[in-house]
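Residue numbers (the working numbering), protein chains in the order written: chain A, -10 to 384; chain B, 54 to 384. Quick reminder that beta carbons are idealized off the backbone N, C-alpha and C, glycines included. So the structure is just underneath, and the comments pick up after that.
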Amino acid sequence: MDMRFTPEERAFRDDVRAFLQSELSPELAGKVRLHQPLTKAEMEGWHTKLNARGWLAGNWPTEFGGAGWTAIQRHIFEEESARAHAPRIVPFGIAMLGPVLQRFGSKAQQDRWLPRILNGDDWWCQGYSEPGAGSDLAGLRCRAERQGDHYVVNGQKTWTTLGQYANMIFCLVRTSTEGKKQEGISFLLIDMETPGVTVRPIVLLDGSAEVNEVFFDEVKVPAENLVGEENKGWTYAKYLLTHERTNIAGVGFATAALDNLRRVAGAQIHRGRPLSQDPLFASQIAEVEIELMAMSTTNLRMLSAAAQGQAPGIESSMLKIKGTQIRQRLDALTRRAYGGWAMALPSDGGNEGQPLGAEEALAASATWLNNRKLSIYGGSNEIQRGIIAGALARG
Amino acid sequence: MDFSLSDEHRMLQDSLRGILNRHSGDDALAPLLEAGVIEALLTEGEGGFDGSGAAVALVFEELGRAGAALPLIGTMIGRAALAQAGMPEDAARAAFADAEPGTRADRGVAIRADADRLTGRKTMVAGAEDATHLIVTTADGLWLVAARAEGLAVTAFPMMDGQRGADLEFAETPAHRLGSLTDFGAVLSRAALAHAARTLGEIEAAVDLTLDYLRTRKQFGRALFDFQALAHRAAELTVEREQARSAVVNLAAHLDAEPHLRDRHVQACKVTVGRVARLVAEEAVQLHGGIGMTEEYALSGMIRRLIAGDTAMGDADYHLERFANGEGAWA
Chain A
-10 MDMRFTPEER
0 AFRDDVRAFL
10 QSELSPELAG
20 KVRLHQPLTK
30 AEMEGWHTKL
40 NARGWLAGNW
50 PTEFGGAGWT
60 AIQRHIFEEE
70 SARAHAPRIV
80 PFGIAMLGPV
90 LQRFGSKAQQ
100 DRWLPRILNG
110 DDWWCQGYSE
120 PGAGSDLAGL
130 RCRAERQGDH
140 YVVNGQKTWT
150 TLGQYANMIF
160 CLVRTSTEGK
170 KQEGISFLLI
180 DMETPGVTVR
190 PIVLLDGSAE
200 VNEVFFDEVK
210 VPAENLVGEE
220 NKGWTYAKYL
230 LTHERTNIAG
240 VGFATAALDN
250 LRRVAGAQIH
260 RGRPLSQDPL
270 FASQIAEVEI
280 ELMAMSTTNL
290 RMLSAAAQGQ
300 APGIESSMLK
310 IKGTQIRQRL
320 DALTRRAYGG
330 WAMALPSDGG
340 NEGQPLGAEE
350 ALAASATWLN
360 NRKLSIYGGS
370 NEIQRGIIAG
380 ALARG
Chain B
54 MDFSLSDEHR
64 MLQDSLRGIL
74 NRHSGDDALA
84 PLLEAGVIEA
94 LLTEGEGGFD
104 GSGAAVALVF
114 EELGRAGAAL
124 PLIGTMIGRA
134 ALAQAGMPED
144 AARAAFADAE
154 PGTRADRGVA
164 IRADADRLTG
174 RKTMVAGAED
184 ATHLIVTTAD
194 GLWLVAARAE
204 GLAVTAFPMM
214 DGQRGADLEF
224 AETPAHRLGS
234 LTDFGAVLSR
244 AALAHAARTL
254 GEIEAAVDLT
264 LDYLRTRKQF
274 GRALFDFQAL
284 AHRAAELTVE
294 REQARSAVVN
304 LAAHLDAEPH
314 LRDRHVQACK
324 VTVGRVARLV
334 AEEAVQLHGG
344 IGMTEEYALS
354 GMIRRLIAGD
364 TAMGDADYHL
374 ERFANGEGAW
384 A
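Written out as structure tokens, the structure reads:
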């Protein structure tokens, strides 16, 4: 047993730190730290810097222009990036679509779409969930009908994150109603500038509008935009879920949140001394820190097992549950540490007026509200428990 | 980064499993000692051949999984402490006297040292009846007492975890001060790891037994695993089991780290494993239902060992408070 990084991994970590030191501006890091919404240009700018260094697609093999990192390298990159408050890489093209195209796409699709993901020509979003198909995703009804060399798409997608910036969307669509519902789903790439596509923002609890509804009304999609085989889309979607989840534990995000909580609790006054010295509050911080220490190692153990070729199974479900529990507890403690300021309404406009000097407290409240999503998206924690239990029941 | 067992440790594991499969209860002690189990827990300088965190964790996890509550920790502490103190004595069988009546986990409440004499009480001393040496904690020291010392009364009784324990009553009993608790922080941390790893093995055994029961027991014409209310609780147990395993791995990997970092991991390990052990004990009984209440069923001993494991050397709350305050584990 050896929990140390290898000399090569330590050297890589130093490279990542040096890169973040030189390329990440304090202004941008400050916005990320306060969970303020980034502009499209800010996100694209960060992608451009990473791509110039060859680090935008750490998870892609080098033959497709990726960095070909090991799972441990990806973990190091993600953890260092989160601790430095770097913007997260927008996952839809890099982490989600890219690996699916590499595994199941045609040569023509790979040649056409993969370089455009890297150089930022396309901004992808994800069309999975529907109003009637949330946790029960296979119940989706958005329909694609083959007519000659086109599909005609009708229906609705929802919870489409950053869809307002996207020009392309990868969708799970229904191409058959025969047999099991999982067997009539296809994976289709749709140009959002096609007539009949409408994007409407959904305002969330925290006032942000990062997610959208996307409507399809008689949208014509070239048949060449079908990935893999018709009615095999569920397989591709599942591949995406089990193979691209190294960061599902969110260790870096949790570590950054813990650092922030400690700072806030050290500055807030309780009974004449820092809140961080209050036995009750200090023990709550300690509990979540201890959980994080264990979870971080759980994450490394599972990455290490995956690196040695063990098939991914229920580990990502375990990490998702524990990781989101930890982050939500950190968010809750941070919000409450602000005391009265936690009563202020976070607002992205700022036109209505705000309490004086409460910028960070407002961010903490907004983060608490926004991060309720953690235990819902990507398969709710109850779905994850169901996946774990299903595997356990089989023995 | 490598979490797999070395070849030597895999062989040690195989040998332990073989013995624990063939012998149950106290009958396993002699063959384990013969196979060198104590020496695996000690460094070469202490007269052993390993003594690494990985070896200690492996040995006690196997013992815990097999439900073998054997008084090995006392002898491990005794031999390591005497070696560190440079004493030529051989603590063939030592017992570790730590818990005191009248306090949750403080030391020196019921016992005090006066020059080279101890007066007061210790309780829950595993293996005291058969010990040749006693290693005794006070508020600020670690002491060696001969098992047959004058002014020492031993009253034995069965303990929750299946071991024989004893009350020790000291009346100006001659004792030799080995040093402060922090002087022996590394030895005490190794003992805390041993307790935690044994509890981890018991957690695994109890979770496995519970999952098996959920697969096979039928009610309303369906396996219990088909009931979501039960299935989700079972899933949660496996998530927490992984947390406990990681906490043990962390402490095992930091047993030789500088004292502050090592102690943080001692505390985190005791907090995590203690919390998960109590959770598993409670949930295992509930998920089983009535059968989980019976003495005859295999779960009964596990439940008792699980809750005893949290208490040894300070429970989760004790260590959580010290972690939160940034205090050492043994100061």
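For B:His248 and B:Gly131, the rounded distance between their alpha carbons: 15 Å
Which one or two residues does DSSP pair with A:Leu215 in a beta bridge? A:Leu177
Helix, strand or coil at A:Glu134 according to DSSP, with G and I counted as helix: strand
Residues in its own chain within less than 8 Å of B:Arg174 by CB, not counting five upstream and five downstream? Glu153, Pro154, Ala163, Ile164, Asp220, Leu221, Glu222 and Phe223
B:Val301 - DSSP class collapsed to helix/strand/coil: helix
Taking a contact to mean a Cβ-Cβ separation below 8 Å, would you say A:Val453 touches A:Cys114 in this structure? Outside the modelled stretch of chain A, which goes from -10 to 384, sits residue 453 of chain A, for which no answer is possible.
Per DSSP, which one or two residues make a beta bridge with B:Gln272? B:Arg275
Measure the Cβ-Cβ separation of A:Val5 and A:Glu69 and say whether it is below 8 Å. yes
With DSSP as the reference, please indicate the residues paired to A:Arg140 in a beta bridge. What sits at residue 140 of chain A in the sequence shown is Tyr, not Arg. Paired residues: A:Arg135 and A:Val210.
Proximal residues to A:Thr166 (C-beta, below 7 Å), its chain only, five neighbours per side dropped: Gly173
Could you tell me whether the Cβ of B:Asp55 comes closer than 8 Å to any Cβ of chain A? yes
Closest by C-alpha distance to B:Glu335, when choosing among B:Glu349, B:Ser353 and B:Val324: B:Ser353
Segments of 3+ residues assigned as beta strand (DSSP E) that fall wholly inside the region 128 to 161 of chain B: 147 to 150
What does A:Ile279 touch in chain B if you count any residue whose Cβ is under 7 Å from its own? Ala321, Val324, Thr325 and Phe376
Which residue or residues does DSSP assign as beta-bridge partners of A:Arg189? A:Glu202
B:Asn303 versus chain A: which residues are under 9 Å apart at the beta carbon? Met(-8), Met282, Ala283, Ser285 and Thr286
Using 8 Å as the Cβ pair cut-off and three pairs as the minimum, do the region 46 to 58 of chain A and the region 101 to 108 of chain A touch? yes
Cβ of A:Ala60 within 8 Å of Cβ of A:Ala238? no
Taking its Cβ as the centre, do 16 or more other Cβ atoms sit within 10 Å of A:Phe81, making it buried, or is it exposed? buried
Closest residue to A:Glu213 among A:Met307, A:Gln99 and A:Lys170 (Cα-Cα distance): A:Gln99
Identify each residue in the region 193 to 214 of chain A for which the Cβ-Cβ distance to at least one residue of chain B is less than 9 Å, and report them in chain order. none
When you check each C-beta in the region 236 to 250 of chain B against every C-beta of chain E, which residues fall closer than 7 Å? The chain inventory of the structure shown lacks chain E, comprising the protein chains A and B.
Does the beta-carbon distance from B:Met129 to B:Arg243 come in below 8 Å? yes
B:Val112 versus chain A: which residues are under 8 Å apart at the beta carbon? What B:Val112 touches in chain A: nothing, since even the nearest Cβ is about 14 Å away.
Can you say whether A:Lys311 is buried or exposed, counting buried as having 16 or more other CB atoms within 10 angstroms of its CB? buried
Once the 5 residues before and after A:Thr(-5) are set aside, which same chain residues still bring their CB inside 7 Å of it? none
Given a threshold of 16 other Cβ atoms within 10 Å of its Cβ, counted over all protein chains shown, does A:Ile274 qualify as buried or as exposed? buried
Distance, Cα to Cα, A:Gln266 vs A:Val253? 12 Å
For A:Leu334, count neighbouring Cβ atoms within 10 angstroms of its own Cβ and tell me buried if that reaches 16, exposed if not. exposed
If you count every other CB in all the chains shown that lies within 10 Å of the CB of B:Ala168, and 16 or more means buried, which is it? exposed
B:His247 by DSSP, collapsed to three states: which one? The residue you asked about is not His; residue 247 of chain B is Ala in the sequence shown. Note: B:Ala247 maps to helix in three-state DSSP.
Confirm, please, whether the CB-CB distance from B:Ile360 to B:Met177 is below 8 Å. no
Return the bridge partner residues of A:Asp(-9) from the DSSP annotation. B:Asp55
Against chain B, with Cβ distances strictly below 8 Å, would A:Arg374 count as a contact? yes
DSSP state of B:Pro227 mapped onto helix, strand, coil: strand
Since B:Trp196 is in the beta strand (DSSP E), which residue starts that stretch and which ends it? Leu195 to Ala199
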